[in-house]
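Each residue of the sequence shown is one higher than the last, beginning at 167 in my numbering. Positions of the beta carbon are idealized from the N, C-alpha and C atoms, including for glycine. Just so it is clear, the structure is predicted and the values come from calculations on it, not from any experiment.
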Amino acid sequence: MNRYRKPIIGGLVGASTAGGWLIMDLILPEPIGDYLLFGLMGAVNAAVGWQFVRMLDKKQNENEPQELQAQSN
């Protein structure tokens, strides 16, 4: 079951994020809302991408000492 939990959580997060952007698009007034919404989407996507890369770098840095020990033996 653990194998399927991460994809389900990812799908729910993606669906709720898309739903949130859609609701914001419907609530905001038409000409100004589009510019504001697209700017917010860009900022949020950049922040999420930055955090994702940070997480990958942290995981890679944790694995490097183990690889160095395996090579020295």
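Legend entry - Under 8 Å between C-beta atoms of residue 192 and residue 202: no
Inset, instruction - Look at the alpha carbon of residue 217 and the alpha carbon of residue 170, and state the distance between them as a whole number of angstroms. - result: 23 Å
Legend entry - Own chain partners of residue 177 with C-beta closer than 7 Å, once the 5 adjacent residues on each side are dropped: none
Inset, instruction - Check whether the segment 203-213 touches the segment 179-192, counting contact only when three or more Cβ pairs, one atom from each stretch, lie closer than 8 Å. - result: yes
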